[in-house]
Amino acid sequence: KAGVTQTPRYLIKTRGQQVTLSCSPISGHRSVSWYQQTPGQGLQFLFEYFSETQRNKGNFPGRFSGRQFSNSRSEMNVSTLELGDSALYLCASSPVGGETQYFGPGTRLLVL
Amino acid sequence: DQQVKQNSPSLSVQEGRISILNCDYTNSMFDYFLWYKKYPAEGPTFLISISSIKDKNEDGRFTVFLNKSAKHLSLHIVPSQPGDSAVYFCAASARLTDKLIFGTGTRLQVFP
Numbered sequence: 001k002a003g004v005t006q007t008p009r010y011l012i013k014t015r016g017q018q019v020t021l022s023c024s025p026i027s028g029h030r031s032v033s034w035y036q037q038t039p040g041q042g043l044q045f046l047f048e049y050f051s052e053t054q055r056n057k058g059n060f061p062g063r064f065s066g067r068q069f070s071n072s073r074s075e076m077n078v079s080t081l082e083l084g085d086s087a088l089y090l091c092a093s094s095p096v097g098g099e100t101q102y103f104g105p106g107t108r109l110l111v112l
Numbered sequence: 001d002q003q004v005k006q007n008s009p010s011l012s013v014q015e016g017r018i019s020i021l022n023c024d025y026t027n028s029m030f031d032y033f034l035w036y037k038k039y040p041a042e043g044p045t046f047l048i049s050i051s052s053i054k055d056k057n058e059d060g061r062f063t064v065f066l067n068k069s070a071k072h073l074s075l076h077i078v079p080s081q082p083g084d085s086a087v088y089f090c091a092a093s094a095r096l097t098d099k100l101i102f103g104t105g106t107r108l109q110v111f112p
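Residue numbers (the working numbering), protein chains in the order written: chain A, 1 to 112; chain B, 1 to 112.
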């Protein structure tokens, strides 16, 4: 089975722009979660989607949003980028939720 | 409030010896615990998990121990190998949610 894939792998944006990141889960997995990893904060939970519905949400501002499509693929959007949004954004999938999550390679975002 | 804590940011162990990585948690609702290994520029790789109904789970060289009364878990790697050098994250979740709460990680270095 192919693993979790994320595109793009690297991205450079400037402050004030917006960005969309994409995640394709493992085939058959319906739950997709997003995490932000920064050196100071470690891995922080952003949100989780299941069957096109946001089921859990972390403590991030409304500039961070996401969605999930009927094929379980998910996108994450960050609007009005700030320097502090520079991070590795990780997507993880699991069959229905509540079990082990499997991570993609991440998208490294640099905001200048 | 850091619900999952890894108090040792780094650990250095000689090849062939035992590596013990520790993790403490504060939320008594957590009932599923995982360890992930992470190399630079890659997503976390699932290593081993344990549910709260067990106190030990073993998979090859990796064993996870859970002490619920102390809200403490540990990962033992025996024997340690240079390829084990990575950052190790412990993570916890509450029943039937996909919201993983991660510790800040412990960097393990295994030297010859």
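Don't be surprised by glycine CBs; every beta carbon is placed ideally from N, CA and C. If you're wondering where the values come from, they're calculated on a predicted model, not measured in any experiment.
Nearest CA to the CA of residue i: which residue from the options?
i: F46(B); options: C23(A), F50(A), Q101(A); result: Q101(A)
i: S28(B); options: D84(B), F102(B), H72(B); result: H72(B)
i: T107(A); options: P25(A), F64(A), L21(A); result: L21(A)
i: F64(A); options: G97(A), Y35(A), Q41(A); result: Y35(A)
i: G40(A); options: G84(A), V111(A), Q6(A); result: G84(A)
i: L113(A); options: E99(A), R55(A), S74(A), H29(A); result: Lying outside 1 to 112, the shown extent of chain A, residue 113(A) is not represented and no answer is given.
i: P112(B); options: R17(B), A41(B), S8(B); result: R17(B)
i: S79(A); options: G62(A), K57(A), E99(A); result: G62(A)
Would you say residue i and residue j are within 8 Å of each other, going by their C-beta atoms?
i: F102(B); j: V13(B); result: no
i: K13(A); j: L81(A); result: yes
i: F103(A); j: P44(B); result: yes
i: S94(A); j: S27(A); result: no
i: D84(B); j: S19(B); result: yes
i: E52(A); j: S70(A); result: yes
i: L34(B); j: A91(B); result: yes
Does residue i pass the burial test, meaning 16 or more other C-beta atoms within 10 Å, or should it be called exposed?
i: F50(A); result: buried
i: D59(B); result: exposed
i: Y39(B); result: exposed
i: L66(B); result: buried
i: K99(B); result: buried
i: Y88(B); result: buried
i: Q2(B); result: exposed
i: G16(A); result: exposed
i: Y32(B); result: buried
i: V110(B); result: buried
i: P8(A); result: exposed
Quick one: Cα of residue i to Cα of residue j, how far?
i: E15(B); j: S80(B); result: 5 Å
i: V96(A); j: L43(A); result: 21 Å
i: T5(A); j: S33(A); result: 13 Å
i: V64(B); j: Y10(A); result: 34 Å
i: T26(B); j: R95(B); result: 15 Å
i: H76(B); j: Q18(A); result: 43 Å
i: V111(A); j: Y36(B); result: 27 Å
Contact residues within the region 46-61 of chain A, judged by C-beta distance below 8 Å to chain B: E48, F50, R55, N56, G58
Contact set between the region 19-48 of chain B and chain A, restricted to residues whose Cβ is under 9 Å from the partner: Y32, L34, Y36, K38, A41, E42, G43, P44, T45, F46
Chain-ordered residues of the region 83-111 of chain A with a beta carbon less than 7 Å from chain B: L90, S94, G97, G98, T100, Q101, Y102, F103, G104, P105, G106
Contact list for the region 63-74 of chain A against chain B, Cβ threshold 7 Å: none
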